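Before any comments, here is the structure.
Residue numbers (the working numbering), protein chains in the order written: chain B, 5 to 148; chain P, 5 to 148.
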């Protein structure tokens with residue numbers, strides 16, 4: 005697994021270039037993050053919400069849990085699947101996954117936003133193609 | 005990616021042999037599932053709860069959403085990370101992820117349970133090692 009130094013790359017992303025027409029699962033490890041942010045449940049809820057919107061996703065529900073003495077988990081249930089973040093402030097580490105299934109999704113934008121907002125010094129990002137039947141992409145769903 | 009025919013393998017798992025001392029992320033694709041079960045939100049909530057318990061995990065919160073005309077998402081927030089299931093009954097397909105971080109976790113048992121309970125004819129399972137700093141495994145957390 006390659007570890008990358010953080011670069012300010014959010015602004016370099018072109019929405020048009022990065023449109024996802026597949027079902028992707030992004031696994032993101034963030035190292036050397038801002039410890040205080042990783043322990044701030046309210047901040048992380050807002051951050052996940054913002055990341056989802058940047059990914060062109062619709063948040064249907066958002067839950068979180070604060071652990072003692074430290075650490076937070078927050079998970080956003082999306083119309084297009086989910087985003088989760090699990091933090092270990094004592095190790096300045098956070099594990100994120102972004103699963104998107106649908107056209108016009110921008111999971112990489114959400115990923116870059118999280119790298120920047122949590123001030124990760126290093127990160128690794130793995131983009132894994134999920135393998136739904138082709139018909140899944142043709143379905144139209146309503147949110148109730 | 006290899007696709008496997010379903011075999012009744014839950015009973016062949018030995019708890020002692022499968023103890024996980026790592027941070028693992030299981031990505032499971034289930035094909036040819038029972039359509040009615042994939043559209044039953046209440047059943048899927050119970051199923052996720054049971055899968056978490058089989059994995060030696062503690063469920064702290066569980067959310068779900070029913071889509072129209074069909075499909076369900078359910079996500080369990082665990083003391084040890086999370087389990088999610090997203091279903092497309094019209095394609096008999098379901099995408100699961102099981103992220104566990106902690107000693108004594110049995111994510112493979114949860115995976116096999118889901119393969120069996122949803123009557124998947126075929127499946128693919130990818131087990132991906134996450135890469136937290138070693139200190140993460142030494143932390144003791146309390147649930148508040």
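Even for Gly, the Cβ is constructed at its ideal location relative to N, Cα and C.
Just so it is clear, the structure is predicted and the values come from calculations on it, not from any experiment.
For the segment 46-78 of chain P, the set of positions with a beta-carbon nearer than 7 Å to some beta-carbon of chain B reads 64, 65, 67, 69, 70, 71, 72, 75 and 77 in chain order.
Nearest to residue 134 of chain P by alpha-carbon distance, out of B:134, B:133 and B:128, is B:128. Assignment of residue 51 of chain B by DSSP, reduced to helix, strand and coil, places it in the helix class. A contact between stretches requires three or more CB pairs, one per stretch, nearer than 8 Å, and the segment 34-50 of chain B fails this requirement with the segment 58-65 of chain B.
In this structure residue 112 of chain B is buried. Its beta-carbon is surrounded by 16 or more other beta-carbon atoms within 10 angstroms. Closest in alpha carbon position to residue 77 of chain P, among P:84, P:83, P:90 and P:85, is P:90.
About 16 Å separates the Cβ atoms of residue 81 of chain P and residue 102 of chain B, ruling out a contact at the 8 Å cut-off.
Put simply, the CB of residue 125 of chain P is far from chain B, with every gap to its CB atoms at 8 Å or more. DSSP, reduced to helix, strand and coil, places residue 96 of chain P outside both helices and strands of the structure shown, so it counts as coil. Distance from the CA of residue 108 of chain P to the CA of residue 26 of chain P, rounded to the nearest whole angstrom, comes to 9 Å. The segment 28-35 of chain B and the segment 47-57 of chain B do not touch, with fewer than three beta-carbon pairs separated by less than 8 Å. Assignment of residue 72 of chain P by DSSP, reduced to helix, strand and coil, places it in the strand class. Within chain P, the C-beta atoms nearer than 8 Å to that of residue 31 of chain B come from 29, 132 and 134, in chain order. The beta carbon of residue 87 of chain P sits closer than 8 Å to those of 52, 55, 56, 59, 61, 79, 80, 100, 101, 102, 103 and 114, all from its chain and outside the five residues before and after it, given in chain order. Listed in chain order, the positions of the segment 102-120 of chain B with a beta carbon within less than 9 Å of a beta carbon of chain P are 103 and 105. Between residue 129 of chain B and chain P, the shortest Cβ-Cβ separation is not below 8 Å. Residue 121 of chain B and residue 41 of chain B have their C-alpha atoms spaced approximately 9 Å apart.
Secondary structure at residue 84 of chain B: coil, using DSSP grouped into helix, strand and coil.
Sequence-distant Cβ neighbours of residue 140 of chain B in its own chain, meaning closer than 8 Å and more than five residues away, are 27 and 105. Under a 10 Å Cβ-count criterion, residue 124 of chain P is classified as buried, with 16 or more other Cβ atoms of the shown protein chains found around its own Cβ. A distance of 8 Å or more separates the beta carbons of residue 94 of chain P and residue 36 of chain P. The residue from P:83, P:75 and P:84 with its alpha-carbon nearest to that of residue 92 of chain P is P:75. Burial of residue 136 of chain P is indicated by the presence of at least 16 other C-beta atoms within 10 angstroms of its C-beta. In this structure residue 34 of chain P does not touch residue 110 of chain P by the C-beta definition: roughly 19 Å separates them, more than the 8 Å allowed. Under the Cβ distance rule, residue 140 of chain B counts among the residues neighbouring chain P, one pair being separated by less than 8 Å.
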